[in-house]
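K.L.:
In mature numbering (1 follows the signal peptide of the UniProt record, and there is no 0), the protein residues as written are -20 to -1, 1 to 343.
#1: Taking contact to mean 3 or more Cβ pairs, one atom from each stretch, closer than 8 angstroms, check whether the region 91 to 99 and the region 35 to 43 are in contact.
#2: Going by beta-carbon coordinates alone, are residue 222 and residue 202 separated by less than 7 angstroms?
#3: Select from 316, 269, 54 and 171 the residue whose C-alpha is nearest the C-alpha of residue 124.
#4: Checking the sheet assignment: what are the DSSP bridge partners for residue 265?
#5: Apply the 10 Å Cβ neighbour rule to residue 339 and answer buried if 16 or more other Cβ atoms are within range, or exposed otherwise.
#6: Taking the CB atoms as reference points, tell me whether residue 306 and residue 279 lie closer together than 7 angstroms.
#7: Is DSSP giving residue 143 helix, strand or coil here?
#8: Per the DSSP calculation, residue 192 is bridged to which residue(s)?
#9: Considering only residues of the same chain and omitting the five flanking positions on each side of residue 349, which have a CB-CB separation below 6 angstroms?
#10: Just to confirm the assignment: which complete alpha helix (DSSP H) runs, minimum length 4, are found wholly within the region 48 to 87?
#11: Determine, using beta carbons only, whether residue 186 and residue 195 come nearer to each other than 7 angstroms.
#12: According to DSSP, is residue 93 helix, strand or coil?
#13: Could you compute how far the alpha carbon of residue 240 sits from the alpha carbon of residue 49?
#14: Quick one, which of 131, 105 and 68 has its alpha-carbon nearest residue 160's?
#15: Count the other CB atoms, across all protein chains shown, that sit within 10 Å of the CB of residue 24; report buried if there are 16 or more and exposed otherwise.
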C-alpha cells in the first residue's frame, strides 16, 4: 500500500487517531537547507486561492469547468496561426476509415481575435459517429489555451440508421447535446485569458496554470497546480480545489481503524502529526505521515484539507499535499533518497502551508 493511500485513509481517521509530536531540533545544516528553500517565497494563484511557494518552483496544472478541460502552452502568435492553419487543413483532408464525416463545424470564436474552434468526430478513427469532440483554441498574452469537451449526437448519426433492425442497434433516443456544449465552449473561450505565473488577478475568477477564467463563484470547478522545487524536484506541493467533491466523515470513523493500522504496517508508515489548523478563515485538518513512497524509498506525505463536508461554490473542497521523496512530472524514475530530512520537510511544510489563503475578491 502506498504512502499516499495511507495518508488518504488516515486523514479520515483524524478524530480517533490524532496525535502530536514535536520534531527534533534542526541541525545547523538543516537550518541552512530550510532557509535556502524558504528565504524567497513567491505568491502564486491556484483556483480562487493564494499560496506562497519557493521562487523558481516548476509547475504543472489542470482546469476543468463544467466538463470542459483547459490546456495551455507558451507560443508566439505567429506559431499559433501556423498551427491552427495546419490543424484545419489536416482535419479537412482526414478520412474516417469507416466513411464517417470527420469535421462537422469550424471557424473563429465569435468576437475573439486569434481563435479557432472545431467540432469533429470524437475519435477520428471511430467505428461509429455517435460522439463529437468540441475544441476551441485561443492565443492570448503569449499562451495558447485549448478547451475541449465531448458531446453526443444520435439524431444525425448515420451509424444509428445503418444498424437499425440488427443485433447492433442502439436505442432510438433523441440525444444531441452538441449545440449546448458548443455554446459553452465558445463562451468560455471568449472570456479566458493567458496569465503569467506571478500575475494575481483582482477580480472574481479561477486561476490555473498559465491562465485565468473570469467567473463568479459557481459549481463545476475542478482546478489544481503542482509546484516542484527546481533543484529538489522530488519535493512538491500540490494544491487542488473542487466545488463538487464532498467527503462523508461518518463513513470513515471506527470501522476503518483496523485498515489504517494494517496500511501503516504495510508501508512502514508513521503518523508524525495530526490536528486542526486555522488558516485565514479556513477551518482545516492536517496530517503529516512518514513511510515508503511510490518511489519505494523512505519519504513523507503531508496533507491539509478544508471544506471536506461542506464543499460548494463558495467553499470548494481544498487539498494541499506536500511530497518528499516521491515521483511527479518533473522527477526521473531513479530516485534513491528523499531530498529533505524529516525535520527539514516539517519546517518547509509549516512555512509554506500556513500561507494558504483565499484570494481577495476571488469569489
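Ideal Cβ placement from N, Cα and C applies to all residues, glycine included.
P.N.:
Working from what's here:
#1: no
#2: Indexing the chain shown from 1 puts residue 222 at position 242. Indexing the chain shown from 1 puts residue 202 at position 222. It is a contact, given that the beta carbons lie within the stated cut-off.
#3: Sequence index remark: in the chain shown, residue 124 carries index 144 (1-based). Out of 316, 269, 54 and 171, 54 has the C-alpha closest to the C-alpha of residue 124.
#4: One-based indexing of the chain shown puts residue 265 at position 285. For residue 265, which the question treats as bridged, DSSP gives the partners 256 and 285.
#5: If you number the chain shown from 1, residue 339 lands on position 359. If you draw a 10 Å sphere on the C-beta of residue 339, you find 16 or more other C-beta atoms in it, and that means buried.
#6: Translated into the one-based positions of the chain shown, residue 306 becomes position 326. Translated into the one-based positions of the chain shown, residue 279 becomes position 299. Between residue 306 and residue 279, the gap from beta carbon to beta carbon is short of 7 angstroms.
#7: Stepping through the chain shown from its first residue, residue 143 is reached at position 163. Reduced to three states, the DSSP call for residue 143 is coil.
#8: Residue 192 sits at position 212 when you count from the first residue of the chain shown. Note: residue 192 sits in a beta bridge opposite 173 and 187.
#9: Because residue 349 is not part of the residues shown, which for the chain are -20 to 343, the question remains open.
#10: 57 to 73
#11: On the chain shown, position 206 is the one that residue 186 refers to. On the chain shown, position 215 is the one that residue 195 refers to. Yes.
#12: Mapped onto the chain shown, residue 93 falls at position 113. Coil, per DSSP.
#13: Here residue 240 refers to the residue found at position 260 when the chain shown is read from its first residue. Here residue 49 refers to the residue found at position 69 when the chain shown is read from its first residue. Because the pLDDT of residue 240 is 46, which lies under 50, any placement of that residue in the model is unreliable, and the number read from its coordinates should be weighed accordingly. Spanning the two alpha carbons is a distance of roughly 35 angstroms.
#14: As a position in the chain shown, residue 160 is number 180, starting the count at 1. Measuring from the Cα of residue 160, the nearest candidate turns out to be 131.
#15: Position 44 of the chain shown holds residue 24. Result: buried.
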